[in-house]
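J.:
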Amino acid sequence: MKFAKVTARLDGLGSEKWAVHIEGKRRAALGEAMIFLSIGEPDAPPPEAILDVANAQMRAGRIRYAEGRGEANARRALARMYTAQTGRTIGDNQFIYLPGTQTALYAAMMTVVDEGDEVLMADPYYATYEGVIAAAGGIPRPIQVDPDHGFHLKAADLEKAITPKSRVLLMNTPSNPTGAVFTRSEIEKIGKVCEKHDLWIISDEVYATLTYGNTVFSSPFDVPELEKRTIVVSSISKSHAMPGFRCGWIAASPEFCDRCIPVTETMLFGSQPFLEDAMAFALDNHFPEIDAMKKNYESRARALVKELEGAKNVSARMPEGGMFVMVDVRKTGLTGEAFAWKLLEEENVVTMPGESFGQGGTGHLRVALTVDAAQITEACKRIARLAERV
Ligand SMILES: Cc1ncc(COP(=O)(O)O)c(C=O)c1O
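So for the sequence shown, the working numbering puts the first residue at 1378; every next one is plus one.
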């Protein structure tokens, strides 16, 4: 039987990136004690009150078909949140509720990318980006960013990479894997380049609430001149530690939303009203558990950086946001991939090779902050030990 070309385009874009993690899992299943720093799954439980709302609303009969755009209360909660964030009135016709950032990303890409269009992105980039671009028939155009400048994309490098086929800048702030957070001024400079070349900006902001130290989150959606070309994709997967709820959204111009709805409706025919109610409640309220979770990520990152201070051949810098730290092993002379395999085999620590996130991640490991500080500290001792040995 003949399969569609999209299956060939997506072939091989998945599992090999996770090979170290999969091998770590296999060993753990055989009883080996492993430390997993590989997956960005929040380890904190979500606020009980949100679970109670989901449960109550399900029991109250909010289990019928939902509106294709998302339920009115969920879109109103989003409108309140983005009105507060941007300082402008954002209407409830500027949102589409979708099951998670990943689905939102897919729908956004399908709405603006035609076959052969180029999608620019900072390299390293999140592991599913190549696939989502390829699914839409687009061509990923990674732009390498400098680890020694905090992995920040420069407007001049973006401009150099643009060709007549460039259609979209896909940005991710705070970044997975690098922890870089765009400043308002960087966004304005990058935005000017996007305006000049008439690029869409798809902004993956799934880690927006997780910023550390003095870092302030900023979005291209906040810049009035960029609003109409910006498509924000996000969710409560990380902000409220609820990835299994699949509560996410697109925030964009009314015109974009009108064009995108037929794309999402052909795929989904609406989501689950009781989960939308839970999301609306999550966005409208403040939870001390969430503050504690964020503090934990920050103190784990600080513990990691401190533990590696003074280590030979290996270093790490404090991320500006997100749930990960990039550990630089370039001085060992090994690739991130080779180091991650050795670390797994010789020290029972499971990390992601930087190369799994593009060539820009070469010579790095991505470490997830989703285990307690004691385990992170122990893992760092082992990383330092291996770096000194090789
Ligand atoms: C950068 C980035 N975008 C999107 C996602 C997917 O998020 P969601 O659970 O909302 O689909 C993740 C999950 O790890 C991510 O790291």
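For each residue, glycine too, the CB sits at the ideal point set by N, CA and C.
Predicted model, so just to flag it, every value in this text is computed and none were measured.
#1: Whole angstroms is fine: what's the gap from E1642's alpha carbon to G1445's?
#2: Within a Cβ cutoff of 7 Å, which residues of the same chain sit near D1599, ignoring the five residues on either side of it in sequence?
#3: Nearest CA to the CA of A1745: which residue from E1755, G1738 and T1728?
#4: Do D1581 and T1466 come within 9 Å of each other at the CB atom, strictly closer than that value?
#5: Using DSSP bridges, identify the partner residues of P1472.
#6: Report the residue ranges of all beta strand (DSSP E) runs contained in full by the stretch 1527 to 1576; include only those spanning at least 3 residues, in chain order.
#7: Going along the chain, which residues of its own chain have a beta-carbon closer than 8 Å to the beta-carbon of K1758, five neighbours each way excluded?
#8: With H, G and I counted as helix, E and B as strand and the rest as coil, what does DSSP make of R1743?
#9: Given that a residue counts as buried once 16 or more other Cβ atoms are within 10 Å of its Cβ, and exposed if not, what is K1605?
#10: Just tell me which of V1640, R1386, L1387 and S1692 has its CA closest to the CA of V1489.
#11: Look up M1729 in the DSSP assignment and give the residues it is bridged to.
#12: Please name the residue or residues paired with V1702 in a DSSP beta bridge.
#13: What does the Cβ neighbour count give for S1562, buried or exposed, with the cut at 16 atoms within 10 Å?
#14: Taking only beta-carbon positions, decide if N1690 is within less than 9 Å of chain B.
#15: Can S1630 and A1585 be called in contact, C-beta distance under 9 Å?
#16: Could you tell me the boundaries of the beta strand (DSSP E) in which A1499 lies?
#17: With DSSP run on the structure shown, which of helix, strand or coil describes I1440?
#18: Three Cβ pairs or more, each shorter than 8 Å: is that satisfied between the stretch 1438 to 1458 and the stretch 1589 to 1599?
#19: Determine the burial state of N1432: buried for a count of at least 16 other Cβ atoms within 10 Å of its Cβ, exposed for fewer.
#20: Per DSSP, what are the beta-bridge partners of A1581 in this structure?
#21: Would you grab the beta carbon distance between A1405 and Q1649 for me? Rounded to a whole angstrom, and I think it's under 8 Å.
#22: Classify A1756 as helix, strand or coil using the three-state DSSP reduction.
#23: Would the C-beta of Y1503 count as close to ligand 1, meaning under 8 Å from any of its heavy atoms?
#24: With DSSP as the reference, label P1519 as helix, strand or coil.
#25: Return the CA-CA distance between D1534 and I1520, expressed in angstroms with no decimal places.
#26: Anyone know if the C-beta pair for Y1589 and E1686 falls short of 9 Å?
#27: Determine the extent of the alpha helix (DSSP H) in which D1599 is found, giving its start and end residues.
T.: To lay it out plainly:
#1: Counted from its first residue, the sequence shown places residue 1642 at position 265. Counted from its first residue, the sequence shown places residue 1445 at position 68. Whole-angstrom Cα-Cα distance: 6 Å.
#2: Within the sequence shown, numbered from 1, the residue matching residue 1599 stands at position 222. Answer for D1599: Q1462 and T1463, listed in chain order.
#3: Position 368 of the sequence shown, counting from 1, holds the residue named residue 1745. Closest by alpha carbon: T1728.
#4: Residue mapping note: residue 1466 aligns to position 89 of the sequence shown, counting from 1. Residue mapping note: residue 1581 aligns to position 204 of the sequence shown, counting from 1. With contacts defined by Cβ atoms closer than 9 Å, T1466 and D1581 do not form a contacting pair.
#5: Within the sequence shown, the letter at position 95 stands for residue 1472. Before going further, note that residue 1472 is Phe rather than Pro in the sequence given. For F1472, which the question treats as bridged, DSSP gives the partners A1628.
#6: DSSP assignment within the stretch 1527 to 1576 yields the following whole beta strand (DSSP E) runs of 3 residues or more, N-terminal first: 1543 to 1549.
#7: As a position in the sequence shown, residue 1758 is number 381, starting the count at 1. For K1758, same chain residues with a beta-carbon under 8 Å away, outside a window of 5 residues either side, are E1684 in chain order.
#8: Taking the first residue of the sequence shown as 1, we reach residue 1743 at position 366. DSSP places R1743 in strand when its eight states are reduced to three.
#9: Sequence index remark: in the sequence shown, residue 1605 carries index 228 (1-based). Result: exposed.
#10: For the purposes of this step, residue 1489 is identified with residue 112 of the sequence shown, where counting begins at 1. Measuring from the Cα of V1489, the nearest candidate turns out to be V1640.
#11: Residue numbering aside, residue 1729 sits at position 352 when the sequence shown is read from its first letter. Among the bridge pairs identified by DSSP, M1729 is matched with R1743.
#12: In the sequence shown, counting from the first residue as 1, residue 1702 sits at position 325. Answer is V1744, bridged to V1702.
#13: Within the sequence shown, numbered from 1, the residue matching residue 1562 stands at position 185. S1562 is exposed by the Cβ-count criterion.
#14: This model lacks chain B altogether; it includes just one protein chain.
#15: Indexing the sequence shown from 1 puts residue 1630 at position 253. Indexing the sequence shown from 1 puts residue 1585 at position 208. Going by C-beta atoms, S1630 is not nearer than 9 Å to A1585.
#16: Here residue 1499 corresponds to residue number 122 of the sequence shown, with the count starting at 1. Residue range E1495 to D1500 is occupied by the beta strand (DSSP E) that includes A1499.
#17: On the sequence shown, residue 1440 is found 63 positions in, with the first residue counted as 1. If DSSP states are grouped into helix, strand and coil, I1440 belongs with coil.
#18: The stretch 1438 to 1458, when compared against the stretch 1589 to 1599, does not touch it at the 8 Å Cβ threshold.
#19: As a first step, residue 1432 must be located in the sequence shown, where it is residue number 55. By the 10 Å Cβ count, N1432 comes out exposed.
#20: Counting from 1 along the sequence shown, the entry for residue 1581 is found at position 204. According to the sequence shown, residue 1581 is Asp rather than Ala. Paired residue(s): N1549 and V1610.
#21: Residue mapping note: residue 1405 aligns to position 28 of the sequence shown, counting from 1. Residue mapping note: residue 1649 aligns to position 272 of the sequence shown, counting from 1. Incorrect: roughly 33 Å between the Cβ atoms, too far for contact.
#22: Residue numbering aside, residue 1756 sits at position 379 when the sequence shown is read from its first letter. A1756 carries a helical assignment under DSSP once its states are collapsed to helix, strand and coil.
#23: Locating residue 1503 in the sequence shown gives position 126, counting from the first residue. For Y1503, the shortest separation between its Cβ and any heavy atom of ligand 1 lies below 8 Å.
#24: In the sequence shown, counting from the first residue as 1, residue 1519 sits at position 142. Per DSSP, reduced to three states, the secondary structure at P1519 is strand.
#25: To locate residue 1534, count along the sequence shown from 1; it is residue 157. To locate residue 1520, count along the sequence shown from 1; it is residue 143. Annotation: D1534 to I1520 spans about 7 Å, alpha carbon to alpha carbon.
#26: For the purposes of this step, residue 1589 is taken as residue 212 along the sequence shown, with counting starting at 1. For the purposes of this step, residue 1686 is taken as residue 309 along the sequence shown, with counting starting at 1. Result no, Cβ atoms of Y1589 and E1686 do not sit closer than 9 Å.
#27: The count along the sequence shown starts at 1 and reaches residue 1599 at position 222. Per DSSP, D1599 lies in no alpha helix (DSSP H) segment and is marked neither H nor E.
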